[in-house]
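In my numbering, the protein residues as written are 4 to 484.
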Amino acid sequence: MVKLNAIPTIGNSGLFSSCISAQRYKDHALEIIQEGYCKYPGGAFKIPLLDRWDVIISGEKMIDDIKKASSLDLSSVAAFSENMQTDYTIGKVVRVNTYHVPVVRSPLTRALPARFHDLRDEIVASFADLVPAKESEWMKVPMLSTIMRIVSRTSNRYFVGLPLCMSFTCHSFISIDNLNITFTVDAVTGGTTLQRYPGFLKPLVRQFLTNVPASMARAERHLGPLIRERLAKEEEHGTSDWPDKPNDLITWLLKEVGERNEKIVSDIVHRVLLINFAAIHTTTFTNSIYYLAAYPQIAEPLREEVSSAIEELGWTKAAMSKMVKLDSFLKETQRLSGVNGVGMTRMALRDFTFSDGTVVPAGTIVAVASQALHHDGAYYKDPETFKPFRFSDLREQEGESLKHQMAAVDPAFVLFGGGRPMCPGRFFAVNELKALMAHVLLAYDVKFENNKGIPPPSWHGVAYSPNRSAEVMFRKRAVCN
């Protein structure tokens with residue numbers, strides 16, 4: 004039997020120190036990972052938790068090993084399922100049959116040029132509702148909670164269309180309680196709760212100690228009638244196109260799943276919730292707003308680029324591709340702040356040997372030290388300095404114009420993962436982020452009250468969250484596109 008003895012340990016170890024180690028890791032995970040990253044550069048180290056060892060790796064060769072590994076050896080789905088307890092929170096069906104992944108990779112991404120007007124329309128409407136700032140005075144906006152609602156509305160305008168994405172009655176998909184946000188929170192907290200219990204107790208824990216069943220039932224009540232209506236249309240017209248057939252997520256999922264059975268409504272609901280779970284990328288947008296408010300001098304060059312692109316191409320996906328400086332700004336803010344302390348997380352489904360001979364046994368969680376990588380001076384000059392145009396400057400060099408984009412494959416930037424499981428929705432996410440930020444730049448001036456700096460984030464182990472209580476000052480600009 005393969006054991007982890009050969010991999011060095013960072014943090015406390017041993018029978019009587021496991022509780023201390025787990026608590027220390029929860030409170031100081033970044034420091035512990037950074038210690039291992041510096042002590043074992045280009046290698047692996049393990050961290051003891053209460054119920055397992057996590058193996059953290061670094062270096063281009065080992066990262067490349069993960070990228071090239073078969074999903075039968077190192078599985079991102081199994082790792083996500085283990086860490087989020089998705090069999091009990093989102094549903095085992097989405098792990099066993101991942102037909103939603105090609106939907107995100109292909110039709111959801113391909114439809115963006117034709118459906119971009121929906122994103123733009125909902126961005127304008129949601130900001131008007133939630134950030135009704137005036138030209139004559141500054142308005143304080145609680146940032147994270149407001150952005151969660153804006154991003155949820157915008158994403159679901161694209162996913163399920165009007166009126167479900169924006170109605171604020173108790174009969175809508177995005178209700179006053181904001182079902183998708185509530186479900187995301189319930190799934191995360193439920194997963195954390197479930198991790199504390201052995202497998203045979205998890206079904207009972209899910210039912211009685213989490214809010215997941217109530218959130219799932221509510222989602223089926225709201226989305227179920229729409230899915231049944233689509234199925235009735237198929238009965239009437241067949242699966243081919245019919246007049247005014249929606250070009251949206253439900254249509255794409257129904258086309259991909261193929262087989263129809265009595266569980267299809269529940270199955271589609273699970274997929275919509277899962278894609279929402281991944282799409283409510285409030286962390287990246289919140290980070291970007293915080294940096295814009297802390298560095299107001301960068302607003303004008305970004306604004307000039309956005310205005311030029313919109314003047315030439317209108318509010319289109321093509322215009323987003325012209326926003327090279329904005330792409331650089333967004334990528335740099337995420338490089339510095341991050342969304343997690345580790346990335347490219349996998350579970351070894353069978354014993355796996357890295358190219359340097361390091362062996363991890365089946366069942367081991369393996370991840371890249373992403374936060375340390377993104378702050379490594381070997382890859383980034385002045386890594387702790389915020390340089391909003393770091394990547395756009397690199398793209399001006401000969402032969403580099405298509406490199407260094409936020410959504411591109413970059414061995415030194417693993418926000419979206421790497422290899423075959425690299426986030427299939429990253430192109431949609433980046434274009435939505437650009438559209439959101441472009442609107443803010445043209446419609447508002449933003450700043451922190453009393454010129455405060457970026458508010459400190461919160462970390463729980465390797466999990467990152469932007470400051471939850473910080474407010475940003477907004478003032479409507481006199482002229483905007």
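C-beta atoms are modelled at their ideal positions from N, C-alpha and C, and glycine is treated no differently.
**Item:** Reference V433; option with closest CA among A372, K334, A351
**Value:** Out of A372, K334, A351, K334 has the C-alpha closest to the C-alpha of V433.
**Asked** Whose C-alpha, out of L329, R480, K455, V208, is nearest the C-alpha of A446?
**Response** Considering only alpha carbons, the answer is R480.
**Item:** P304 versus H377: straight-line alpha-carbon distance, rounded
**Value:** Whole-angstrom Cα-Cα distance: 25 Å.
**Request:** Less than 8 Å between the CB atoms is what I'm expecting for F430 and M142, so what's the real figure, rounded?
**Result:** F430 to M142, Cβ: 33 Å. No contact.
**Message:** Suppose you measure from the CA of K49 to the CA of K258; what does that come to, to the nearest Å?
**Reply:** Spanning the two alpha carbons is a distance of roughly 44 Å.
**Request:** Would you be able to state if there are at least three C-beta pairs under 8 Å between the stretch 189-209 and the stretch 63-73?
**Result:** By the criterion of at least three beta-carbon pairs nearer than 8 Å, the stretch 63-73 is not in contact with the stretch 189-209.
**Asked** What residues in its chain sit with their C-beta under 8 Å from that of P460, if we drop five residues either side in the sequence?
**Response** Taken in chain order, the residues that qualify are S340, Y467, S468, P469, N470.
**Item:** Option in L115, N454, A32 with minimal Cα separation from G464
**Value:** Relative to the Cα of G464, the nearest Cα in the group L115, N454, A32 belongs to A32.
**Request:** Run the CB neighbour count on R393, radius 10 Å, all protein chains shown included, and call it buried at 16 or more, exposed below.
**Result:** Flag for R393 reads buried.
**Asked** What first and last residue would you give for the alpha helix (DSSP H) that runs through T195?
**Response** DSSP places T195 in the uninterrupted alpha helix (DSSP H) bounded by 182-197.
**Closest residue to V363 among M350, H273, P110 (Cα-Cα distance)** = It is M350.
**Asked** When the Cα atoms are used, what is the spatial distance from W318 to V268?
**Response** Between the alpha carbons of W318 and V268 lies a distance of about 35 Å.
**Prompt:** Going straight from the alpha carbon of M151 to that of D359, what length do you get?
**Reply:** Cα-Cα distance, rounded: 43 Å.
**Prompt:** In whole angstroms, what is the alpha-carbon distance linking A117 and Q198?
**Reply:** Answer to the nearest angstrom: the Cα atoms are 42 Å apart.
**Prompt:** Around the C-beta of R156, are 16 or more other C-beta atoms found within 10 angstroms, so that it is buried, or is it exposed?
**Reply:** Classification of R156: buried, given that the 10 Å Cβ count is 16 or more.
**Prompt:** Among the residues of its own chain, which have a CB less than 8 Å from the CB of V275, if the five just before and after it don't count?
**Reply:** Only F162, V163, A222, L226, L252, I253, L256 meet the Cβ criterion.
**Request:** Taking the CB atoms as reference points, tell me whether I313 and A322 lie closer together than 7 Å.
**Result:** Yes, the Cβ-Cβ distance between I313 and A322 is below 7 Å.
**Prompt:** Below 8 Å, can you find three or more Cβ-Cβ pairs linking the stretch 197-212 to the stretch 239-249?
**Reply:** Proximity of the stretch 197-212 to the stretch 239-249 falls short of the contact definition, fewer than three beta-carbon pairs being nearer than 8 Å.
**Asked** Which same chain residues, not among the five before or five after I301, have their C-beta less than 6 Å away from its C-beta?
**Response** Hits under 6 Å: P391.
**Asked** Which residues mark the beginning and the end of the alpha helix (DSSP H) in which S311 is found?
**Response** Counting along the chain, the unbroken alpha helix (DSSP H) around S311 starts and ends at 302-316.
**Message:** According to DSSP, is V134 part of a helix, a strand, or is it coil?
**Reply:** If DSSP states are grouped into helix, strand and coil, V134 belongs with coil.
**Message:** Three Cβ pairs or more, each shorter than 8 Å: is that satisfied between the stretch 77-91 and the stretch 393-406?
**Reply:** Between the stretch 77-91 and the stretch 393-406 there are fewer than three inter-stretch CB-CB distances shorter than 8 Å, so the stretches are not counted as touching.
**Request:** Compare the beta carbon distance of S373 and S331 with 7 Å and say whether it is the shorter of the two.
**Result:** Going by C-beta atoms, S373 is not nearer than 7 Å to S331.
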